[in-house]
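One structure is given here, and the rest of the page talks about it.
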Amino acid sequence: MHRQANEVLPALLEALAIDTTVNPPWLFGHSDGGSITLLYAARFPQRLAGAVALAPHIVVEDLSVASIEKARTAYLHTDLRQRLAKYHDDPDSAFWGWNRIWLHPPFREWSIEAELESIRCPLLAVQGRDDEYGTLEQIRGIARRVPQTQTLEFPECGHSPHRDQPERLIDATRMFIQQHTCGNPP
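All residue numbers for the sequence shown refer to the numbering used here, where the first residue is 19 and numbers rise by one.
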């Protein structure tokens, strides 16, 4: 995730001709993408107008590992591979790259907690109360380290608030961005 935040995302923004020094964008990331958003915000604090992190990970929890083990079983024995193929040209590479790193024993020590304190932009952190990949401690840990964080805990919501409660998420995101852009969306 560090490589994605420190190298890949800056290269993508440059390729899209987004000059983050002149017009800092808002980033919106989910799950590992939420963690990448946080890492980018910490590494380049002057280059973001704000960030929204959905179900981000700041540490590895037992719940995460157990659910990722279940995902491996589902990938091997259900139609999960075919469903992922709708979104990935190479579902095997996408799935196994994600699954293997999270289940690699040394990865249990992974944490970005110390890096969070460098974040300066407005931050909205959202987590479903029924998230099967992380507990509410993920966003609460962010709020302890980044005082300008607004947290939202969605009841009856799993790991994907954008799928489980899209209207609520869109409304909350719109209001948050408007609060931090003087009512003028980016």
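Here a beta-carbon is modelled for each residue, glycine too, at the ideal position from N, C-alpha and C.
**Request:** Work out the CA separation of residue 109 and residue 79 for me, nearest whole Å.
**Result:** Stepping through the sequence shown from its first residue, residue 79 is reached at position 61. Stepping through the sequence shown from its first residue, residue 109 is reached at position 91. One C-alpha to the other measures close to 25 Å.
Inset, instruction - Assuming residue 130 contacts residue 82 (C-beta within less than 8 Å), just tell me the rounded distance between them. - result: For this step, residue 130 is matched to residue 112 along the sequence shown. For this step, residue 82 is matched to residue 64 along the sequence shown. Residue 130 to residue 82, Cβ: 14 Å. No contact.
_Buried or exposed for residue 197, going by 16 or more other Cβ atoms inside 10 Å?_
Counted from its first residue, the sequence shown places residue 197 at position 179. Per the 10 Å Cβ criterion, exposed.
Cβ distance (whole Å) where residue 164 is taken to contact residue 195 below 8 Å: Stepping through the sequence shown from its first residue, residue 164 is reached at position 146. Stepping through the sequence shown from its first residue, residue 195 is reached at position 177. With a Cβ gap of about 17 Å, residue 164 and residue 195 do not count as contacting.
request  = Buried or exposed for residue 49, please, with buried defined as at least 16 other CB atoms from any protein chain shown within 10 angstroms of its CB.
outcome  = For the purposes of this step, residue 49 is taken as residue 31 along the sequence shown, with counting starting at 1. Classification for residue 49: buried.
By DSSP, does residue 159 sit in helix, in strand, or in coil?
-> The residue labelled residue 159 in the question sits at position 141 within the sequence shown. The answer is helix: DSSP assigns residue 159 an H, G or I state.
Check your understanding: What three-state label does DSSP hand residue 22 in the structure shown?
Key -> As a position in the sequence shown, residue 22 is number 4, starting the count at 1. In this structure, residue 22 counts as helix in the three-state DSSP scheme.
- Query: Starting from residue 70 and walking both ways along the beta strand (DSSP E), at which residues does that stretch end?
  - Reply: The count along the sequence shown starts at 1 and reaches residue 70 at position 52. It spans 68–72 - the beta strand (DSSP E) in which residue 70 sits, taken as one unbroken run.
| said: Rounding to the nearest angstrom, what Cα-Cα distance links residue 152 and residue 85 in this structure? | reply: Stepping through the sequence shown from its first residue, residue 152 is reached at position 134. Stepping through the sequence shown from its first residue, residue 85 is reached at position 67. If you take the alpha carbons of residue 152 and residue 85, they lie about 9 Å apart.
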